[in-house]
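Trainee: Residue 6 is where the sequence shown starts when you use the working numbering, and the numbers rise one by one after that.
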Amino acid sequence: MIKRGVMLVVAFVVALPGVARADDPFETRVYATREGLIGEVTANGHRIASEDLFAALPSRLGLAGRDQGNRTVRVCTAARCVFVPVWDVGPWNTKDDYWNANRQMWRDLPRGKPAAEAAYAEGYNRGRDEFGRTVSNPAGIDLADRAFRDGLLLRDNAWVRVAFLWTAPGPRGSVATDGSPLLVRDQPSRAGAVVGFAAGAAQLPISCQIRGEHITGDA
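1) If I follow the unbroken beta strand (DSSP E) through Tyr36, where does it start and stop?
2) Would you mind working out which of Ser179, Val46, Asn98, Leu114 sits nearest Thr139, comparing C-alpha positions?
3) What residues are listed by DSSP as bridge partners for Pro210?
4) Starting from Ala83, trace the beta strand (DSSP E) both ways and give me its first and last residue.
5) Since Ala149 contacts Asp57 with CB under 8 Å, what's their CB separation in whole angstroms?
6) Please check the pair Ala207 and Gly74, which I expect to be a contact at CB under 8 Å, by giving their CB distance rounded to whole angstroms.
7) Could you tell me the alpha carbon to alpha carbon distance between Val91 and Arg151, rounded to whole angstroms?
8) Quick one: what's got a C-beta closer than 7 Å to Glu45's C-beta in the same chain, skipping five residues either side?
9) Can the beta-carbon of Asp93 be found less than 8 Å from the beta-carbon of Phe136?
10) For Leu158, which residues does DSSP report across the bridge?
11) Between the C-alpha atoms of Val35 and Phe169, what's the straight-line distance to the nearest angstrom?
12) Specify the secondary structure class of Arg151 as computed by DSSP and reduced to three states.
13) Can you tell me whether Leu21 is buried or exposed? The criterion is at least 16 other CB atoms within 10 Å of its CB, across all chains shown.
14) How should Ile146 be labelled, buried or exposed, when 16 other C-beta atoms within 10 angstroms of its C-beta is the threshold for buried?
15) Among the candidates Pro193, Val189, Ala198, whose CA atom is the shortest distance from the CA of Val87?
16) Tell me which same chain residues have a C-beta within less than 8 Å of the C-beta of Asp28, skipping the five on either side of it?
In structure tokens:
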């Protein structure tokens with residue numbers, strides 16, 4: 006049995022224009038697709054498995070080291086969230102750091118809008134990616150199979166909210182478990198509903214603490 010001294014709690018709130026704090030991570034709404042590619046190797050050298058929890062972003066500026074979480078995103082639907090490290094590059098492009106104010110490419114696009122989304126929806130860059138391929142969906146993030154399927158309970162590609170956690174100042178902590186994900190609950194006790202996962206190695210901002218239960222076994 007494993008003793009865990011930490012419980013990750015997520016409060017679901019509606020983000021209103023103009024209320025973001027200066028120390029909040031940059032966040033935007035993007036279209037998420039499932040990575041798949043079981044057995045292939047990611048841009049940081051990880052061999053993909055069906056139970057993986059990671060994300061891919063379309064620029065190496067968002068890539069974490071192998072088995073590291075120095076680049077971690079929070080990806081949320083209306084009811085669930087996953088906290089996952091970025092271990093691959095894609096979809097579509099490889100130099101589209103759309104979360105940065107000063108982008109590598111396509112600097113005329115607004116911050117937070119992936120070039121693939123602009124190409125698909127608006128015909129930007131003649132509807133093509135950086136390699137000249139016709140963009141057939143507006144994806145700005147790929148999710149590994151377990152993050153997509155079990156973490157967010159998605160059955161098809163979907164629009165999600167993505168927060169780029171390394172863009173915020175302040176202390177962070179790394180998730181360390183026996184290999185299984187940390188369960189995310191909506192309150193700091195086992196009575197709270199499970200509303201997502203935090204992957205091992207993910208680095209999360211530390212915003213508060215509260216005295217909770219001592220837990221032996223799964224949290």
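C-beta: ideal position from N, C-alpha, C; glycine also.
Mentor: Put simply:
1) Residues 31-39.
2) Asn98
3) Arg177, per the DSSP bridge assignment.
4) Here Ala83 belongs to no beta strand (DSSP E), and DSSP marks it neither H nor E.
5) 4 Å
6) 5 Å
7) 14 Å
8) Ile53
9) no
10) Under DSSP, Leu158 forms no beta bridge with any residue.
11) 12 Å
12) helix
13) Because the pLDDT of Leu21 is 40, which lies under 50, any placement of that residue in the model is unreliable, and the question is left without a value.
14) buried
15) Relative to the Cα of Val87, the nearest Cα in the group Pro193, Val189, Ala198 belongs to Val189.
16) Within the same chain, Asp28 has close Cβ partners Ala173, Pro174, Gly175.
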